[in-house]
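Participant:
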Amino acid sequence: MARMLKAQYFSFDAMVATIIFLMTILAFFSYWNALKSSLAEEQGFMEKEAIRISNAIFTPDISRGGIGMSWSDKRIKPDKLVFAASKLREVYNTPYDVYIEIRVGYAGAQRWEAGINPLMKKTERIVKITRVGTGILRSGEEVPVIIDVYLYR
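Numbering of the sequence shown is given in the working numbering, commencing with residue 1005 and proceeding in unit increments.
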């Protein structure tokens, strides 16, 4: 009579290898998730800074970077945008480089800039906020303006 041997389904080595594999996968995903959330948090801070600076533009306080008419009037005077690129960080009290571009809303119109355009140089991260407002030109004409605020590192 032939003797029937029982097969061994799991060996101790296979169980240990499986546990080590699962722990390695868990460690990898934990590291990846921590890195991803860290980058998202910093990106969120840059976006908040860009929104803060774009809000400051509409204030009348020129020492804080505002070019607005008054606290209650949200129109701006683009001609007052005369900050030097080196002073923008100081004026807006931000750790990032700032570039502001104001364009009149119709084709072939005027444009005002402050700072160094981040699209012309190598940068790590760029955050752009676009606002629409009303600008008052030197002639007194009210025109729609598009305000782009770039923060970059």
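All C-beta atoms, glycine included, are put in the ideal place defined by N, C-alpha and C.
(1) Check P1148 in the structure and name its three-state DSSP category.
(2) Is E1105 helix, strand or coil by DSSP?
(3) With 16 as the cutoff for other CB atoms within 10 Å, does D1101 come out buried or exposed?
(4) Would I1061 and V1149 qualify as a contact pair, given that the criterion is a beta-carbon distance under 8 angstroms?
(5) Out of S1143, G1069, L1092, point me to the one whose CA is closest to N1121's CA.
(6) Taking Cβ to Cβ, would you say Y1103 is nearer than 8 angstroms to I1057?
(7) Please report how far the alpha carbon of L1085 lies from the alpha carbon of A1118, in whole angstroms.
(8) What residue from T1127, S1090, D1083, F1025 has the CA that sits closest to V1108's CA?
(9) Just how far apart, CA to CA, sit S1042 and M1050?
(10) Would the beta-carbon of Y1110 fall within 8 angstroms of that of K1132?
(11) Taking 7 angstroms as the line, does the beta carbon of W1116 fall inside it for any heavy atom of the ligand ADP?
(12) Who are the near neighbours of R1135 in its chain, counting only those whose CB is closer than 7 angstroms to its CB and skipping five residues on each side?
Facilitator: Reading from the atomic positions:
(1) strand
(2) strand
(3) buried
(4) Judged by their CB atoms, I1061 and V1149 are not nearer to each other than the 8 angstroms cut-off.
(5) If we check each option's Cα against that of N1121, L1092 comes out closest.
(6) no
(7) 7 angstroms
(8) D1083
(9) 13 angstroms
(10) no
(11) The ligand ADP is not part of this structure, which contains no ligands at all.
(12) S1058, I1151
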